[in-house]
Amino acid sequence: NSVRRWNIRYSGRENLHDFLERCEELAECYSIANNQLLATMPEILQDKPLQWFRVKRNTINTWDDFRYEAERFFLPKRHLAHLEETIHQRKQFPREKAKDYVLAIQTLIRQHPKLRDEDHTERIYDGLRVEYRLYVRRSDFNSVDELLELTEEFELLKGEETRQARNTNHCLTAVSNKYCREKVCWRCKQPGHRRHQCRNQQRIFCSRCGLDGTMSRDCNCPTHVAVRATPPESSTTILKATLPYPEGKQDGRYYLTITVAGMQIEALVDTGATLTYIGKELQRHLDKHQIKGRRQTRRIQLANRTYIPSTKMYPVIIGLGNKSTHLLVSALPTLAEHVILGMDFLRKRDLTITIDGQPLTATRLSTQAPTDHLAMLTERQHLTERENHQLNTLLTKNAAVFATITGPSTTAEHVIRLKHDRPLKQRYYPRNPAMQEVINLEVNELIATGRIEVSNSAYSSPIVLVRKKQGSWRMCIDYRQLNAASIPDAYPLPQINVILDQLKEARFISTIDL
70 NSVRRWNIRY SGRENLHDFL ERCEELAECY SIANNQLLAT MPEILQDKPL
120 QWFRVKRNTI NTWDDFRYEA ERFFLPKRHL AHLEETIHQR KQFPREKAKD
170 YVLAIQTLIR QHPKLRDEDH TERIYDGLRV EYRLYVRRSD FNSVDELLEL
220 TEEFELLKGE ETRQARNTNH CLTAVSNKYC REKVCWRCKQ PGHRRHQCRN
270 QQRIFCSRCG LDGTMSRDCN CPTHVAVRAT PPESSTTILK ATLPYPEGKQ
320 DGRYYLTITV AGMQIEALVD TGATLTYIGK ELQRHLDKHQ IKGRRQTRRI
370 QLANRTYIPS TKMYPVIIGL GNKSTHLLVS ALPTLAEHVI LGMDFLRKRD
420 LTITIDGQPL TATRLSTQAP TDHLAMLTER QHLTERENHQ LNTLLTKNAA
470 VFATITGPST TAEHVIRLKH DRPLKQRYYP RNPAMQEVIN LEVNELIATG
520 RIEVSNSAYS SPIVLVRKKQ GSWRMCIDYR QLNAASIPDA YPLPQINVIL
570 DQLKEARFIS TIDL
């Protein structure tokens, strides 16, 4: 009856050493001799172990015989060698507490008859993660218990550091949540769009100061004449800098004082430029403040009909007066001006030109991206002058080969076949202002480059931000519901082992960030 109350069962799927040790512990606790446990095995063993015990019952006379025969039958032939290899390969896992790691490796060592009586302090210390060994030196302890005390102290400090970082991030988020009437919609109080573009539920608040529950006409805050726009805030400190007014340019041309990434600049207004361009001084300033440029292959046509390459574009916020404008600007290191404000900026700021008191009607600015043609190579800095000449000769000789290439083909239309015709519309995931700013910059860039367009479709999927290895953010779309409702027509993916077999002769492995 005592053994029945132990509730111990062994069916061959459990760890054999744990089962044997548990039986011996309970037998000692209840003052039962180990040899008397043999009579209770039909109650404890199940399935295959019970069949094995029935066959071996006549040859097993003592508990030591039972342990020996059970290890021979249920453990692999070289289980001690495998156990020893497991002990040597056991390392502390990420996010694993030091106590859990020490307890796990000591349990493995106790199961090895030849290693259980040895001192494994050195082995346990070598298996700790690097950050633990940087804090706890080998000369700081003489036993495993002393080692555990030091690792527990390190974990407490690590936890305190994490809490302080969390509190700091909370403070930064609280600062970034400060109301800015220039950034939010005056209908729903959400950033990322304007009032005439809003499709959200209307919200009652003062559009001047952001007070909820009060209309602007009933709010006691200063009127819109006295309100000043709150300057955009950032979680990182941006150094202020100023570029001097261009010397020798007092020739009647129009200049505007703008602010880009904390730098005050005199920018030339050029209605003949379709895009906005920056010079090398501002480009160095953006690189210094870790505003990452995006690679591009664009040829810029000058007024004399010659072309120069532009290989980088930057997402910036141009401040003029009390307003800020998000824009993608192209870098031209040889630009004579610090900044040239083109029609892409002037259109966003509703430029109006009047002659003799009458507004001048400008031609419509096309938003359709022109078809790209293979015309030049921009990454040829590593070639010598002789190699450049040979490359130009080769391209000129075979110009007819590229004459028919006009960019992506438009003969095929992509169609998504669905299992049903019910629209799949998911609500967007709420974001804090800092994350919403990342989304706005990425969406504005995609719209500016013609990769996406405004849609009125009944289908919608939320945006998800995923952090890259280098710390920046990748914008993804959560298409899981759409994929679940789609009829698959893609070619099946190859198996991983087949791909690895094809790479056996490879010497370099590279990745591409799409």
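Position one of the sequence shown corresponds to residue 70 (our numbering), numbered consecutively onward. Think of the CB as a built atom: it goes at the ideal place given N, C-alpha and C, for glycine as much as any other residue.
Under DSSP, H483 takes part in no beta bridge, so it has no partner.
By DSSP's assignment, F274 forms a beta bridge with D281. A residue is called buried once 16 or more other Cβ atoms fall within 10 Å of its Cβ, and P384 is buried on that count.
Listed in chain order, the alpha helix (DSSP H) elements of length 4 or more contained wholly in the segment 331-388 are 349-357. Measuring C-alpha to C-alpha distances from E218 to each of R232, V199, Y194 and T231 identifies Y194 as the nearest.
Judged by pairs of C-beta atoms under 8 Å, the segment 523-541 touches the segment 498-505, as three or more such pairs exist. The residue from N467, M382 and R353 with its alpha-carbon nearest to that of R364 is M382. When rounded, the separation of the alpha-carbon atoms in L149 and H181 is 7 Å.
W542: member of the beta strand (DSSP E) spanning W542 to I546, first to last residue. The way I'd put it, the segment 136-144 doesn't touch the segment 163-174; fewer than three beta-carbon pairs between them come closer than 8 Å. A contact between stretches requires three or more CB pairs, one per stretch, nearer than 8 Å, and the segment 129-136 meets this requirement with the segment 105-113. The criterion of a C-beta distance shorter than 8 Å is satisfied by L106 and C92.
If you draw a straight line from the Cα of R159 to the Cα of P145, it comes to about 20 Å.
Under DSSP, L410 shares a beta bridge with V338. Within the model, the alpha-carbon separation for L89 versus S212 is close to 28 Å. If only uninterrupted alpha helix (DSSP H) runs of at least 4 residues are considered, those enclosed by the segment 479-531 are 502-517.
Per DSSP, the continuous beta strand (DSSP E) segment holding L325 begins and ends at Y324 to V329.
In this chain, the alpha helix (DSSP H) harbouring T176 covers A167 to R179. The criterion of a C-beta distance shorter than 8 Å is satisfied by I409 and Y346.
With a cut-off of 8 Å on Cβ pairs, the segment 514-529 is not in contact with the segment 273-292, counting fewer than three such pairs. Listed in chain order, the non-local C-beta contacts of F414 below 8 Å within the same chain comprise T345, I387, T394 and L396, local neighbours out to five positions each way being set aside. In the three-state scheme derived from DSSP, where H, G and I count as helix and E and B as strand, Y79 is classed as strand. With 16 or more other CB atoms across the displayed protein chains lying within 10 angstroms of its CB, G411 is buried. Scanning V329, D287, R367 and T340 for the CA closest to the CA of K357 turns up V329. Between A342 and L389, the alpha-carbon positions lie close to 19 Å from each other. Boundaries around I113 are those of the alpha helix (DSSP H), M110 to I113, since no beta strand (DSSP E) includes it. With 16 or more other Cβ atoms from the protein chains shown falling within 10 Å of its own Cβ, G348 counts as buried. For H86, the enclosing alpha helix (DSSP H) begins and ends at L85 to C98. In the three-state scheme derived from DSSP, where H, G and I count as helix and E and B as strand, I424 is classed as strand. Rounded to the nearest whole angstrom, the C-alpha separation of C257 and Q505 is 15 Å. In terms of CA proximity to D87, T176 leads the group T231, T176, V124 and W75. Nearest Cα to G540 within the set R322, L184 and K361: K361.
A553 sits in a helix when the DSSP states are folded into three classes.
For A400, the pairing in a beta bridge is given by DSSP as I347. Between I556 and L487, the C-beta gap is smaller than 8 Å, which places the two residues in contact. Per DSSP, the continuous alpha helix (DSSP H) segment holding P118 begins and ends at D116 to K125.
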